[in-house]
Amino acid sequence: MKISQLASVAVLSAGLAAGCTKKVEITVFNHTDVSRTLQLTVPDETTTLGAIGPNGRLSTTLVVKTADLPASCNLSAGAGASQSFTVTEDSPSKWWFHVTRQGRLVGPYGKKDVHVETEDGGTIEVPVKRRTKL
């Protein structure tokens, strides 16, 4: 099993034993050219989800006890990149996060949200020939 699947199973098992739960599948995309270690903080604990390779992705299932809702959570991707978010009863079943090329962690994005990566291409100078009258 992959690390993300093992983390999901462990968190899921703990959540099911506790009774009613809210489940949110989280997928993180890494748009950088370096690996990032993901950590997820929920009301009761912080869990290392594993490493996400350059231009890779990692998915896991976040399970929160209904009694803990609304739950303040934090996802971090190393190098100072982190994003806080709140899980409520109305939260969607899937969320997406992105580590941008600049190393910022952005999200959560829902199913209908769009994430666009742009890069500064600099200035392009085109020489213009002047026309002379005959």
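Final position of the sequence shown in my numbering is 588; the numbers increase by one with none missing.
We put the beta carbon where it would ideally sit given N, CA and C, even for glycine.
Predicted, not measured: the structure shown is a model, and the values here were computed from it.
Minimum C-alpha distance to residue 439 - residue among 550, 559, 491 and 556 = Residue 439 is absent from the structure shown; the chain starts at 455 and stops at 588.
query = By DSSP, does residue 501 sit in helix, in strand, or in coil?
reply = On the sequence shown, residue 501 is found 47 positions in, with the first residue counted as 1. Looking at residue 501 - three-state DSSP - the assignment turns out to be strand.
Residue 508 versus 491, 543 and 565, residue with shortest Cα-Cα distance = Locating residue 508 in the sequence shown gives position 54, where the first residue counts as 1. Measuring from the Cα of residue 508, the nearest candidate turns out to be 491.
message = Taking the straight line between their C-alpha atoms, what separation do you get for residue 488 and residue 533?
response = The sequence position of residue 488 within the sequence shown is 34, counting from 1. The sequence position of residue 533 within the sequence shown is 79, counting from 1. Answer to the nearest angstrom: the Cα atoms are 11 angstroms apart.
query = In angstroms, rounded to a whole number, what distance separates the CA positions of residue 548 and residue 556?
reply = Counted from its first residue, the sequence shown places residue 548 at position 94. Counted from its first residue, the sequence shown places residue 556 at position 102. Their Cα atoms are separated by approximately 24 angstroms.
request  = Can you check DSSP and say which residues form a bridge with residue 519?
outcome  = For the purposes of this step, residue 519 is taken as the residue at position 65 of the sequence shown. In DSSP, residue 519 forms a bridge with 475.
request  = Give the secondary structure of residue 508 by DSSP, where H, G and I count as helix, E and B as strand, and everything else as coil.
outcome  = Locating residue 508 in the sequence shown gives position 54, counting from the first residue. Reduced to three states, the DSSP call for residue 508 is coil.
key: Beta-carbon proximity of residue 493 to residue 530, cut-off 8 angstroms   = Residue mapping note: residue 493 aligns to position 39 of the sequence shown, counting from 1. Residue mapping note: residue 530 aligns to position 76 of the sequence shown, counting from 1. Going by C-beta atoms, residue 493 is nearer than 8 angstroms to residue 530.
request  = Along the beta strand (DSSP E) that carries residue 491, what are the first and last residues, could you check?
outcome  = Position 37 of the sequence shown, counted from the start, is the residue given in the question as residue 491. Counting along the chain, the beta strand (DSSP E) containing residue 491 begins and ends at 490-495.
Reference residue 474; option with closest CA among 572, 526 and 517 = In the sequence shown, the residue the question calls residue 474 occupies position 20. The residue with the shortest Cα to Cα distance from residue 474 is 517.
ask   = Can you round the beta-carbon distance between residue 536 and residue 503 to whole angstroms, since I take them to be within the 8 angstroms contact cut?
value = Working through the sequence shown from its first residue, we reach residue 536 at position 82. Working through the sequence shown from its first residue, we reach residue 503 at position 49. Under the criterion of beta carbons closer than 8 angstroms, residue 536 and residue 503 do not qualify as touching, at roughly 13 angstroms.
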